[in-house]
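If you read the protein sequences in the order shown, they are chains W and U. Heads up, the first sequence is in our numbering, so the first residue is 22 and it goes up one at a time. Heads up, the second sequence is in our numbering, so the first residue is 22 and it goes up one at a time. Glycine included, every Cβ here is placed at the ideal spot set by N, Cα and C. In this text, all values refer to a predicted model and were calculated from it rather than measured experimentally. Here's the structure we're looking at; comments come further down.
There are 2 protein chains.
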Amino acid sequence: MNGAESLVETLLTNGIDTCFANPGTSEMHFVAALDRNREMRCVLGLFEGVVTGAADGYYRMRERPAATLLHLGPGLGNGIANLHNAKKAQSGILNIVGEHVTTHLGFDPPLAADIAGLARPVSAWVRTATDAASIAALTVEAIDATFGPPPAIATLILPGDTAWGAAEGKAAVARSSAQPRQRVTGDIIDKAARLLRSGEPTLLILGGPALKGAALDRAGEIAGRTGCRIATQFFSARLERGAGRVPLERIPYAVDQALTMLKPFRHIVTVCTEEPIAFFAYPGKPSQLKPKGCDVLTLCTMADDCGEALADLAAAVGATEMDRPVQAASEKLRPSGALNAANLAQALLATIPEGCILVDESVTTGRESFGVTAGAAPHDNIQNMGGSIGFGTPLSTGAAIACPDRPVLCVVGDGSAMYTIQSLWTQVRESLNVTTIVCANRSYQILKNEFKAVGAGVPGSNALSMLEIDNPTLDFVALAKGMGMGATRVARAEDLCRAIERGLAEPGPTLIEAQL
Amino acid sequence: MNGAESLVETLLTNGIDTCFANPGTSEMHFVAALDRNREMRCVLGLFEGVVTGAADGYYRMRERPAATLLHLGPGLGNGIANLHNAKKAQSGILNIVGEHVTTHLGFDPPLAADIAGLARPVSAWVRTATDAASIAALTVEAIDATFGPPPAIATLILPGDTAWGAAEGKAAVARSSAQPRQRVTGDIIDKAARLLRSGEPTLLILGGPALKGAALDRAGEIAGRTGCRIATQFFSARLERGAGRVPLERIPYAVDQALTMLKPFRHIVTVCTEEPIAFFAYPGKPSQLKPKGCDVLTLCTMADDCGEALADLAAAVGATEMDRPVQAASEKLRPSGALNAANLAQALLATIPEGCILVDESVTTGRESFGVTAGAAPHDNIQNMGGSIGFGTPLSTGAAIACPDRPVLCVVGDGSAMYTIQSLWTQVRESLNVTTIVCANRSYQILKNEFKAVGAGVPGSNALSMLEIDNPTLDFVALAKGMGMGATRVARAEDLCRAIERGLAEPGPTLIEAQL
Chain W
22 MNGAESLVET LLTNGIDTCF ANPGTSEMHF VAALDRNREM RCVLGLFEGV
72 VTGAADGYYR MRERPAATLL HLGPGLGNGI ANLHNAKKAQ SGILNIVGEH
122 VTTHLGFDPP LAADIAGLAR PVSAWVRTAT DAASIAALTV EAIDATFGPP
172 PAIATLILPG DTAWGAAEGK AAVARSSAQP RQRVTGDIID KAARLLRSGE
222 PTLLILGGPA LKGAALDRAG EIAGRTGCRI ATQFFSARLE RGAGRVPLER
272 IPYAVDQALT MLKPFRHIVT VCTEEPIAFF AYPGKPSQLK PKGCDVLTLC
322 TMADDCGEAL ADLAAAVGAT EMDRPVQAAS EKLRPSGALN AANLAQALLA
372 TIPEGCILVD ESVTTGRESF GVTAGAAPHD NIQNMGGSIG FGTPLSTGAA
422 IACPDRPVLC VVGDGSAMYT IQSLWTQVRE SLNVTTIVCA NRSYQILKNE
472 FKAVGAGVPG SNALSMLEID NPTLDFVALA KGMGMGATRV ARAEDLCRAI
522 ERGLAEPGPT LIEAQL
Chain U
22 MNGAESLVET LLTNGIDTCF ANPGTSEMHF VAALDRNREM RCVLGLFEGV
72 VTGAADGYYR MRERPAATLL HLGPGLGNGI ANLHNAKKAQ SGILNIVGEH
122 VTTHLGFDPP LAADIAGLAR PVSAWVRTAT DAASIAALTV EAIDATFGPP
172 PAIATLILPG DTAWGAAEGK AAVARSSAQP RQRVTGDIID KAARLLRSGE
222 PTLLILGGPA LKGAALDRAG EIAGRTGCRI ATQFFSARLE RGAGRVPLER
272 IPYAVDQALT MLKPFRHIVT VCTEEPIAFF AYPGKPSQLK PKGCDVLTLC
322 TMADDCGEAL ADLAAAVGAT EMDRPVQAAS EKLRPSGALN AANLAQALLA
372 TIPEGCILVD ESVTTGRESF GVTAGAAPHD NIQNMGGSIG FGTPLSTGAA
422 IACPDRPVLC VVGDGSAMYT IQSLWTQVRE SLNVTTIVCA NRSYQILKNE
472 FKAVGAGVPG SNALSMLEID NPTLDFVALA KGMGMGATRV ARAEDLCRAI
522 ERGLAEPGPT LIEAQL
C-alpha cells in the first residue's frame, strides 16, 4: 500500500466517501488509488471554485465533510473564494492539496508556491505530510479538525513522494475520534431563562444548526412561551423554512432598516451566531447594529450543542410543543406579466416543491423573494455566508450530490453566475437534479446601490462601465448549451413558473435565464 | 481630493494608465475617482483570474505595470493562480485590493479575510494603507516595487476609510524613482568570455528580456562567434522568434529528452534564468537536468541589465553583427486533412502574420507546433511560466490591450480554456483583435501522459473519469456565442487555416474550436 492508497482508505474508513476534484500531475497517485477504491465517489470540476463550493454545499446538506483534491498552490488558490465562504458558514471540508516531491521543491520549479501560506487564511488546520507511513495518522488528525467542534476546514498537503512511497499494513488506516459538541452550562441556561421571563424586549438570533429540526422547534416554543422575537441574520448557512415550520424574522441587509428593526430590543440572545454587524461599513453609520444599551448574551457558539441548549432553555422557561408558532401556507397564486423582482418571488412561492433545497445567490433580485417565500412548501434555504460571489452554482452542485433524492433550485444573479459557470458542466456530467434560475438584470445591480450608499455620489459613464455587464449581453442559454445543458429563456412570470416546473420534473439539470 | 482620487492620480502621474478590474462595494470610491480621471482605462473582467492574467499579458508586451482592482480577500483569491504565473514570469503588476474600513474589521464581518496573508505568496511587496493622506506616498512605494529590479508584484491594500478620507493637495501625487537594472561586473563578463573561448561544449540559456531585441541579437552573435549553443527553457515569458530572428533551441519538457539534449555540455551560462530543472519530479529521475560535471555560470539575473551584459560579452569575445545566425523563413505549405497536432502546427506556420503575438497554452497539442513555427513570420511567443492553467485567454486579453495594433493568436487546450473562459466576454467588450484556437481533444491529455510518467501504471475507469472531459462534450462555439463572440468549429486542417485567416482579418475577437 502506498501513501495515496493509505490516504484514500483512511478517508473511506472514516466515512468520507466523496471527493470533489481537479487533479494534476502531483495527484496522479491519488487518482490511481481510486481505481482500487471504487467506493470513493470522485466528482470532477473544470475549475477549483466549483470543487470547493461543491464541498461546502455537500457539507451543508450532509453534515459530513467531503474531501477536495487540488493541484498545488494555484489549484488551491482557485478554490480560496469558496473556501472563504465555507469557512464563514463553518462547514467541515478536508482539502488534499498535492505538492512537489520534497527534494524537488528546493529548485523552485514553476509550480512551487507557498501552499501552507495560501491555505492558512481559510483553514483551521494545515499540515504537510512528511512520509507515506504517517499519512493515515495525519489524515485522521485532519478529519478530526474538520469535525471541530466547531466544524472547520483542514488542509492536508501531500508531497508526491509521500503519495507514492510505501505505507505499512495496519498502521495505514486509522479511525477518527472526533469530539462531540460541548454542553452549555446550567448557569448560562438560567441566565437566559431569567432574561426571557423578564418581559423586557428580547431578540433570539439563531444561526448554524439552530436553524433546523428540533433545535428550531425548541426556539419557536421558547418564543411562543416568553413572547421574545426570533430572527436570523441576513445570511444563514442553511435554514429550514416554509409552511409548517417555525417562522423567523430576518435582520435586513441595509443598515438603516436593520437599525430600525433592532431598535426596540433591550436584550439579544445569540445561538450559534454573533451579535448583528453591518455587512460593510458606511461613512457616518455604525458597524454594530444593536441599539445603545442593548446587552448580548451568548447562549451557545458553534462549538456547543445548540439542540441540547435550546431544549434545556425551553424546559427552563416552561415552553412546550403547544407554544410553537407555525408558519401558515401561503396561497400559491401564479403570477403573470413581464418579470420583475416581485413576481419572480411569487413564481418561486408557487413552484418551490416540498423538500426542495433552494440555494439563494440572487443578490439584489432575490432580496424581495425571501419574505414572499416564507409560506412556500417546506424547504431548505442555503445562503452565502462569506459574501464572495460565484457561490450559488457550485453549492447547488454539492447539495445535489449530497441529497440525490431532493430537487435543488438555484437562484443566482447573472454577475455571480459567471464567476463559476463551469458548475453547469459537472451538473450535466453527474445528472444532478438542479434547476438554475439566472436573474439576468445585466448589471452588478448591488454595486449601483452601494455606490450611493458609501457616499460616492452618482456614477458617471466611466464608473458605470464597471457596474454594468450588458455589453456584450450574456446569453445563458448558449452558455448552458456549451456545457451540454438544456436551457430556456423567459421574460414573463407565467413562463418562469412553467419553466421551473418543467425543470424540476425532468431528470437532470436545466437552466432558466430570467430576463428582468 | 480623497484617498481614492489621490491613488488614481498618482498612478496616472507615474504612467500607470490601465486598470484591470472587478470591483465591489469597498472599491466604489476608486470607481468614482475614474469619472474624474478619464485617462485611466478601466477594463472589466467577469472573474478575477481574467483580471490578473490580463495584467500579466499587458506587462509582458508593454513592459510597464498595469494596476488591478480586486474586491477584498476572495477577489484576490480568485486572481492568485494567474498572479502566480505572473510572479514566475517576473511581470510587474500593482494590485489594489479593497479592504473593510479599519474599525469594521474588528467585528469579523462576512468578507473579512487575511488579505495580506493571501497576497504574500504571490507578492514581493504587501502593505495596507493607514490613512488617505499617505496613500500617494505608499502608491509610489508600490510602483517602485513593481519595477524592482527585478520586476515584481506589489499589493496595496486599501481600507474603505482611506479611500474616502481626505488627502491633502500637493502631497497627494508623487513620482516613482524606480531603480534601473544593475550592471554586471567586468569580472563575470571576463569569466564568461574565457569559458566561451575555451572551446569546451557550452550552452547559453536565455530567459526574460534576453529573449528579444538587441539582447537576443548579441546572444546570437556570441554563439555564432564562439560556437556555443543557445537555448531557452521549455517555457519563456516572451520570446521574439520567426524568420530573420536568432534561432534558439528549446530544452524539452520530458525529463529523458532534456537529459539527452543537455548531456554533451561541460558549461552552462544563464542569462535572466536559472539552471534547467524538471517541471515535476518523477520516481528515479533527477530534478536537475544538467549532466554530472557541468558547471553553471550566472551571467546575469533579472535584476541585472542583460542587454548591457550581452553587449559586453559579445565585445569581449569579439562577436559582431556578421556572426549572427538568422532563422530562415520556412515554406508555408497549407496543410489539409483531418486535424492532428502535426497539421495544426503546419496551419500555424502558414498563417501566423508578421508582428503577431502568439499566446501558447496548447499544452500537449502545441508541443509539436513550436519547432514547426520556428521559421514562421516574425512574431512574439508568450508561454506559461507558472504552470497554472487558465492562463492563455486572460494573457491574450491583456496583450491585446497593450498592443492594439498587433494581432493576437491564442492557442489553448480545452481543459485550460474552461478555467478562465470569461475572458471571451472582455475581448468582445473591448473589441480586441484576438483569435482563439481551442485545441479540443476532450481530455486532460497531459495527465494521461503524466499518470504513466509518475509510475502510477495504467489508469482504470475510475482514474480515467478524472482525466477525460468528454462527458458532456464542451461546445466552445456555443460558449463563445454566450459571451457575444462569433465562433466556428473546424475538424480539417484546411478549414483551420481559413478560419485563422478570417479571424485575423476581421476586426474584433473570434474563436475557433479545433476538433482533434
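DSSP state of residue i mapped onto helix, strand, coil
| i | result |
| --- | --- |
| Ala398 of chain W | coil |
| Val64 of chain U | strand |
| Gln443 of chain W | coil |
| Ile373 of chain W | coil |
| Glu120 of chain W | strand |
| Glu84 of chain U | coil |
| Ser464 of chain W | strand |
| Thr341 of chain W | coil |
| Arg259 of chain W | coil |
| Gly434 of chain W | strand |
| Ala359 of chain U | strand |
| Gln309 of chain W | strand |
| Phe168 of chain U | helix |
Member of the options whose CA lies at the smallest distance from the CA of residue i
| i | options | result |
| --- | --- | --- |
| Ala330 of chain W | W:Asp238, W:Thr394 and W:Pro356 | W:Asp238 |
| Lys313 of chain U | U:Asp325, U:Ala335 and U:Lys284 | U:Lys284 |
| Pro346 of chain U | U:Arg246, U:Leu537, U:Pro399 and U:Ser27 | U:Arg246 |
| Ala512 of chain U | U:Ala264, U:Asn364, U:Ser144 and U:Thr223 | U:Asn364 |
| Ile209 of chain U | U:Asp325, U:Ala474 and U:Thr151 | U:Asp325 |
| Gly419 of chain U | U:Glu270, U:Leu379, U:Gly98 and U:Ser409 | U:Leu379 |
| Gly476 of chain U | W:Ala184, W:Ser144 and W:Pro95 | W:Ala184 |
| Ile226 of chain W | W:Thr531, W:Gln367 and W:Ser257 | W:Ser257 |
| Ala398 of chain U | U:Ala76, U:Arg204 and U:Ala368 | U:Ala368 |
| Met49 of chain U | U:Leu91, U:Ile37 and U:Glu261 | U:Leu91 |
Short Cβ contact (8 Å threshold) for residue i with residue j
| i | j | result |
| --- | --- | --- |
| Val317 of chain W | Thr291 of chain W | yes |
| Ala252 of chain W | Ile272 of chain W | yes |
| Thr385 of chain W | Asn492 of chain W | no |
| Gly74 of chain U | Thr319 of chain U | no |
| Asp496 of chain U | Gly503 of chain W | yes |
| His556 of chain U | Cys377 of chain U | Residue 556 of chain U lies beyond the stretch modelled for chain U, which goes from 22 to 537, so this question has no answer here. |
| Cys315 of chain U | Cys293 of chain U | no |
| Gln448 of chain U | Met506 of chain U | yes |
| Leu115 of chain W | Ala88 of chain W | yes |
| Gly66 of chain W | Val72 of chain W | yes |
| Glu534 of chain W | Arg355 of chain W | no |
| Thr456 of chain U | Leu525 of chain U | yes |
| Ala145 of chain W | Ala163 of chain W | no |
Alpha-carbon to alpha-carbon, residue j and residue i
| i | j | result |
| --- | --- | --- |
| Ile156 of chain U | Thr123 of chain U | 15 Å |
| Met22 of chain W | Ala188 of chain W | 6 Å |
| Leu32 of chain W | Pro480 of chain U | 21 Å |
| Pro180 of chain U | Gly169 of chain W | 32 Å |
| Arg85 of chain U | Ile521 of chain W | 50 Å |
| Ala192 of chain U | Gly186 of chain U | Any reading at Ala192 of chain U needs caution, since the residue's pLDDT is 45, under 50, leaving its predicted position unreliable; the model's value is listed next. If I take the Cα positions, the gap works out to 14 Å. |
| Lys353 of chain W | Ala371 of chain W | 5 Å |
| Gly263 of chain W | Leu217 of chain W | 26 Å |
| Leu104 of chain U | Leu453 of chain W | 34 Å |
| Ala133 of chain W | Gln278 of chain W | 48 Å |
| Gln111 of chain W | Gly228 of chain W | 11 Å |
| Gly70 of chain W | Cys321 of chain U | 39 Å |
| Gly119 of chain W | Gln203 of chain W | 34 Å |
*Against chain W: residues of the region 300-330 of chain U by CB proximity under 8 Å*: Phe300, Phe301, Ala302, Pro304, Ser308 and Gln309
*At a Cβ cut of 7 Å, what residues of the region 378-409 of chain W count as close to chain U, listed as they run along the chain?*
Met406, Gly407, Gly408 and Ser409
_Contact set between the region 484-495 of chain U and chain C, restricted to residues whose Cβ is under 8 Å from the partner_ = In the displayed structure, chain C is absent; the protein chains listed are W and U.
_Near-chain W residues of the region 136-169 of chain U (beta-carbon distance less than 7 Å), N- to C-terminal order_ = Gly138, Leu139, Arg141 and Pro142
_Near-chain U residues of the region 497-517 of chain W (beta-carbon distance less than 9 Å), N- to C-terminal order_ = Phe497, Val498, Ala499, Leu500, Ala501, Lys502, Gly503, Met504, Gly505 and Met506
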